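> Mind looking over this structure? Questions follow.
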Amino acid sequence: MRTPVIIPAYNEAERIGASLRGLDHAKVEPFVVVNGEQGRTETYAEAARYTSNVFLNPEQGKLPAVQLALRKVLEHDAEAFLRPIGMTDADARPLRPS
């Protein structure tokens, strides 16, 4: 079972791809929420190259994005609340041990 990772994204079209590439997809399942931004289509399209769990939220702000992502995680796996759920920013570069 992969660990869900919530990634709120606001104006991150140029950075979301690198962030998603840096994740170990064998161990984590990213849930990206593109929220309230001008270039939503570009960020959505870039994120969709790496995960099918990409959602649009018209409301701006990190909290609404996280709340939507949590709902989507629980719809995907009702018992996810019993396990850790990660969160990172769309412009973060995840570090993995070599």
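Just so we're aligned: the sequence shown equals residues 1341 to 1438 in this note's numbering. The C-beta atom is built at its ideal place from N, Cα and C for all residues, glycine as well. Since the structure is predicted, the reported quantities are computational estimates derived from the model, not experimental observations.
In whole angstroms, what is the alpha-carbon distance linking leucine 1408 and leucine 1396?
9 angstroms
> For proline 1325, count neighbouring C-beta atoms within 10 Å of its own C-beta (all shown protein chains included) and say buried if the count is 16 or more, exposed if not.
This structure leaves residue 1325 out entirely; the chain is present only between 1341 and 1438.
> Just tell me which of Ala1366, Met1341, Ala1405, Ala1432 has its CA closest to the CA of valine 1374.
If we check each option's Cα against that of valine 1374, Ala1405 comes out closest.
> Cβ of proline 1348 within 8 angstroms of Cβ of glutamate 1369?
no
> Report back the beta-carbon spacing between glutamate 1386 and glycine 1357 to the nearest angstrom; my notes put them in contact at under 8 angstroms.
5 angstroms
> Return the residue from the list Arg1355, Tyr1350, Met1341 that minimises the CA-CA distance to alanine 1432.
Arg1355
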